[in-house]
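To start, the structure under review is shown below, and the notes come after it.
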Amino acid sequence: MSTDITPATEKTPTHAPEAAAGGRIYRPLTDIVETDQCVSMMVEMPGVAADVVEITFENRVLTIRGKDEPMRPEDLELAYAEYAEGDFERDFTLSKNFDRDRIEAEMRGGLVTLTLARAPEGQPKRIAVKGA
Numbered sequence: 001m002s003t004d005i006t007p008a009t010e011k012t013p014t015h016a017p018e019a020a021a022g023g024r025i026y027r028p029l030t031d032i033v034e035t036d037q038c039v040s041m042m043v044e045m046p047g048v049a050a051d052v053v054e055i056t057f058e059n060r061v062l063t064i065r066g067k068d069e070p071m072r073p074e075d076l077e078l079a080y081a082e083y084a085e086g087d088f089e090r091d092f093t094l095s096k097n098f099d100r101d102r103i104e105a106e107m108r109g110g111l112v113t114l115t116l117a118r119a120p121e122g123q124p125k126r127i128a129v130k131g132a
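Those letters in the sequence shown? Residues 1 to 132, by full-length UniProt numbering.
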């Protein structure tokens, strides 16, 4: 991965959620791919509805949060559980090479895809070499 994006914190591994006053906090798995024009991030947030995903960008830190709501039927008693509810949160520090007004997000099938357009000054420029 280039130095344009770095994880801001490594506070919570996915398999070992951090306990917080309101419940568990998971660090969602994230894949990052890049081109000269943009960077795309795929953030796994199973069980999180698109309307409760919160994405903020402040002081070069991109934060992705989501809340997992319980899906248990009210009229049944839980006999055994392996699925744990909790919140998802992940922070990334971005370089200055991104256009904050051209960050887009889409959620489909428990996967949030963010597209971060590079600022024109952050895109590579090819310099032609003239012969004598």
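Each residue gets a CB set at the ideal place from its N, CA and C atoms; glycine is no exception.
Taking C-beta to C-beta, are residue i and residue j nearer than 8 Å?
i: Leu111; j: Cys38; result: no
i: Ile25; j: Asp87; result: yes
i: Ala119; j: Phe98; result: yes
i: Phe92; j: Pro7; result: yes
Between residue i and residue j, which are expected to be in contact by the criterion C-beta below 8 Å, what is the C-beta distance as a whole number of angstroms?
i: Ile32; j: Leu94; result: Not really, about 11 Å apart at Cβ, beyond 8 Å.
i: Met41; j: Val53; result: Met41 to Val53, Cβ: 13 Å. No contact.
i: Arg108; j: Phe57; result: With a Cβ gap of about 21 Å, Arg108 and Phe57 do not count as contacting.
i: Ile55; j: Ala105; result: 5 Å
Any idea if residue i is buried or exposed, counting beta-carbon neighbours within 10 angstroms, 16 or more meaning buried?
i: Glu89; result: buried
i: Gly66; result: buried
i: Ile127; result: exposed
i: Val129; result: exposed
i: Val48; result: buried
Name the one or two DSSP bridge partners that residue i has.
i: Ile103; result: Leu116
i: Pro7; result: Phe92
i: Asp36; result: Its beta-bridge partners do not exist; DSSP assigns none.
i: Asp31; result: Met42
i: Arg108; result: Leu111
i: Lys67; result: Asp87
i: Glu54; result: Arg65
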